[in-house]
Amino acid sequence: MVRARDVLLCSNGYTASLIPWIARRLIQIESYIVATEPLPTDVVQSVFPRNRTYIDSTRRPMSMRLSSDGMRIVFGARTGEPKNQPIRETARLIYDDLTTTFPQLRGYRLTNAWGGRCGVTWDHFPHVGQHEGMHYALGYNFSGLAMAPYLGEILAKQVLGQRPILIFRRAVSQAYSCPPVLSMPQ
1 MVRARDVLLC SNGYTASLIP WIARRLIQIE SYIVATEPLP TDVVQSVFPR
51 NRTYIDSTRR PMSMRLSSDG MRIVFGARTG EPKNQPIRET ARLIYDDLTT
101 TFPQLRGYRL TNAWGGRCGV TWDHFPHVGQ HEGMHYALGY NFSGLAMAPY
151 LGEILAKQVL GQRPILIFRR AVSQAYSCPP VLSMPQ
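Going by the UniProt record's numbering, the sequence shown opens with residue 1, and the numbers climb by one from there.
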């Protein structure tokens, strides 16, 4: 048995199988990301003039950032595409989204594509809190790239007894009232 004064759970779409309390508070949805081949500096600058991470929160969310070397675009889209669809087909659809959004990227190749599960909360906001002695941050609602590091810092301050400032309101983590078939398996 492991004993700890504080336990932090910082997770997202894969969380429900670990902790049943969370199972009805998140719906898992597949999300996909692609990376371009290394791009010329002027092309990168045309897409990222200020070198920032971007998230488009419209009905079909998209996210993008530069790779750590600043030469590739990492672009996420097509959330909710079927899991059984081949990743190459999903990547082709994402490439279409990418080049529709940024026509200057037409002709540049994708070199990587992958997918994973995201966690969606009932109010579409990330949830930070404490339940039965466990501190948690989860349900990034397709904004994990930007929110996970921020919420990790919030949790750390909370555990250290500081009063962190949240950029959104605290919410009671409510369970979905949907049929279990739409929730993550327990």
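Positions of the beta carbon are idealized from the N, C-alpha and C atoms, including for glycine.
Residues sharing a beta bridge with residue i, DSSP
i, result
"V44", "Answer is none; V44 lacks a bridge partner."
"M134", "V7, H131"
"Y32", "A77, G115"
"Y54", "M64"
"I94", "None; I94 has no bridge partner."
"I27", "V120"
"L110", "T36"
First through last residue of the beta strand (DSSP E) which encompasses residue i
i, result
"L66", "62 to 66"
Rounded C-alpha distance that separates residue i from residue j
i, j, result
"V47", "P164", "34 Å"
"L93", "G129", "37 Å"
"R117", "I87", "14 Å"
"G13", "M64", "19 Å"
"Y150", "G70", "22 Å"
"V44", "G152", "29 Å"
"A77", "E37", "17 Å"
"D56", "A91", "18 Å"
"R109", "P103", "13 Å"
"V74", "P82", "21 Å"
Other residues of its chain near residue i: CB distance less than 6 Å, five sequence neighbours each side excluded
i, result
"L8", "H135, L155"
"N112", "A35"
"residue 236", "Outside the displayed span of the chain (1 to 186) sits residue 236, for which this structure offers no information."
"T99", "L105, R106"
With 16 other Cβ atoms within 10 Å as the buried cut-off, status of residue i
i, result
"H127", "buried"
"W68", "Reading off the sequence shown, one finds Ser at residue 68, where the question assumed Trp. Per the 10 Å Cβ criterion, exposed."
"M1", "exposed"
"T41", "exposed"
"G107", "exposed"
"G115", "buried"
"T53", "exposed"
"A137", "buried"
Where the alpha helix (DSSP H) through residue i begins and ends
i, result
"K157", "144 to 159"
Cβ neighbours of residue i in the same chain (closer than 7 Å, five flanking residues each side left out)
i, result
"N51", "L66"
Close Cβ partners of residue i (< 8 Å) along its chain, the five nearest in sequence each way excluded
i, result
"W21", "H131, E132"
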